[in-house]
Amino acid sequence: MTTSTIQHIDSSPLCKDNGPRINTALRFYHEILGLEHLHYGLWENDPFNMKGLKTAQERYSDHLLSYFPESTKTILDVGAGTGATTEKIQAHGYDIEALSPDPYQQHLFKNKRHIIFNLCRFQDFKPRKKYDLILMSESCQYIPMNDLFKNAKVCAPAGYLLINDYFVTKPDNTVMSKSGHNMSLFYQKARDHHFELIKEEDITDQTAVSLDLAKSWIDHYIVPSIDLLTYSFGRKHPKLFKLISWLMRNKLKKLNDQIMLLDSEHFKRVKRYKIMLFKVPG
Ligand SMILES: C[S@@+](CC[C@H](N)C(=O)[O-])C[C@H]1O[C@@H](n2cnc3c(N)ncnc32)[C@H](O)[C@@H]1O
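Structure (structure tokens):
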């Protein structure tokens, strides 16, 4: 392990200042659900509960390590989330830096002073050094494709780009098709930018179990509580209830969309979850 620098880097001068971006959903997973990792996990025969999810998430990050080419020493963890994966990788002896545009995540890294944190979007990042490998663990979907390949070339020329994320393979005009890059377009962009795909794995079935688990929590705890509250409030204050429902209609639609995204069968029809290792052109 080589990194021991205590350093936190704000949005200047390495990045254009694009303002703070706190992702409240990710904060909820970490603070309320107590999840260290913010990715789907890699399920085997784990118990269908929170403990099983945590085991699956640890397995997922261990699996990522098996993809690092032998020559790898320096890594940039793009979209590092809570930093749990970053720390695990560092504990394996790699020289790793983290990057995320989210000030809440920067705050979490203040307890990990041994890791350099860059508060920045990847597309705005100007590296001070070259990395052997760029890791994008469920962060690739947030970065426009051309920017992603262009800046990966700047950050890791002749190195590697390791991506784990879901991609849309069969768009169907529903909210499910709206998150994640289009798979065939992504392959095309990779070729246009001369990235060579050297290893690929489809882990859709082993990741989608997390959706089933989240859906079962919603069905068991959240939906009955909301039903109960709205039923008793609606009976006592029918006019006020109608008004509030109308005022909140956009928020309710968003919530409904979020619940639709937890349908694992639909997810599997529209998307594939991939691990892809690319060779970056020199
Ligand atoms: C689903 S979380 C994944 C976190 C972590 N890599 C993991 O596997 O647990 C997505 C991450 O991407 C980050 N992100 C969002 N937009 C980004 C961008 N334009 N550039 C870099 N990271 C971004 C988020 O702040 C968050 O850290």
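Taking my numbering, the leading residue of the sequence shown gets 2, the next gets one more, and so forth.
The beta carbon of each residue, even a glycine, is placed where N, CA and C say it ideally should be.
Please read all numbers here as calculations on a predicted model, not as lab measurements.
Sort C121, G283, S138 by Cα distance to E197 and report the nearest one.
E197 has its Cα closest to that of G283, out of C121, G283, S138.
In angstroms, rounded to a whole number, what distance separates the CA positions of M277 and Y161?
Approximately 10 angstroms between the Cα atoms of the pair.
Distance, Cα to Cα, S13 vs L256?
Bear in mind that the predicted position of S13 carries a pLDDT of just 38, short of 50, making it unreliable; the figure below should be weighed with that in mind. Roughly 36 angstroms separates the two Cα atoms.
Decide if L66 is buried, meaning its Cβ has at least 16 other Cβ atoms within 10 Å, or exposed.
Answer is exposed; the Cβ neighbour count stays below 16.
At the level of alpha carbons, what is the spacing between K280 and S72?
Cα to Cα, the separation comes out at about 13 angstroms.
Using C-beta distances below 7 angstroms, list every residue in its chain close to N152, excluding the 5 sequence neighbours before and after it, in chain order.
Cβ within range, chain order: F123, Q124, F126.
Using three-state DSSP, classify V271 as helix, strand or coil.
Correct three-state label for V271: helix.
If you follow the alpha helix (DSSP H) that F242 is in, where does it begin and where does it stop?
Where F242 is concerned, the enclosing alpha helix (DSSP H) stretches over 239 to 248.
Would you say F118 and Y95 are within 9 angstroms of each other, going by their C-beta atoms?
Their beta carbons are not under 9 angstroms apart, which means F118 does not touch Y95 by this criterion.
Restricting to Cα atoms, I'd like to know which of F150, A85, G80 is closest to Y61.
If we check each option's Cα against that of Y61, A85 comes out closest.
Use the C-beta contact count for P352: other C-beta atoms within 10 angstroms, 16 or more gives buried, fewer gives exposed.
In the structure displayed, the chain extends from 2 to 283; residue 352 sits before or after that span and is not available.
Would you say L263 and D213 are within 9 angstroms of each other, going by their C-beta atoms?
Against a cut-off of 9 angstroms, the Cβ pair of D213 and L263 comes out as a contact.
Would you check if the distance between the CB atom of Y143 and the CB atom of R273 is smaller than 9 angstroms?
No, the Cβ-Cβ distance between Y143 and R273 is not below 9 angstroms.
Within the continuous alpha helix (DSSP H) that includes F49, where are the two ends?
Note, F49: premise wrong, no alpha helix (DSSP H); not H, not E.
Which whole-angstrom value is the C-beta distance of E139 and N174, which I expect to be below 8 angstroms?
About 24 angstroms separates the two Cβ atoms, so there is no contact after all.
Start and end of the beta strand (DSSP E) containing V79?
Element bounds for V79: 75 to 79.
Taking 9 angstroms as the cut-off, decide whether the C-beta atoms of L100 and D78 are in contact.
A contact, by the Cβ cut-off of 9 angstroms.
Output needed for I90: all residues of its chain with C-beta closer than 6 angstroms, excluding positions within five of it in sequence on either side, in chain order.
Taken in chain order, the residues that qualify are I97.
I want to check one thing, is the minimum distance from the CB of R60 to the heavy atoms of ligand 1 below 8 angstroms?
No, Cβ of R60 sits at least 8 angstroms from all heavy atoms of ligand 1.
Check whether the Cβ atoms of T170 and V271 lie closer than 9 angstroms to each other.
Contact flag set, yes.
Would you please state the rounded distance, in angstroms, between the beta carbons of G121 and H182? I believe it to be under 8 angstroms.
Inspection of the sequence shows that residue 121 is occupied by Cys rather than by Gly. Their Cβ separation, rounded to whole angstroms, is 20 angstroms, which puts C121 and H182 out of contact at 8 angstroms.
With a threshold of 16 other CB atoms inside 10 Å of the CB of G20, please say whether the residue is buried or exposed.
With a pLDDT of only 49 at G20, under 50, the local geometry of the prediction cannot be trusted, and the value read off the model is given with reservation. Classification for G20: exposed.
Along the alpha helix (DSSP H) that carries L109, what are the first and last residues, could you check?
Residues 104 to 110.
May I ask you to report which of helix, strand or coil DSSP gives E153?
According to the sequence displayed, residue 153 carries Ala and not Glu. It is helical.
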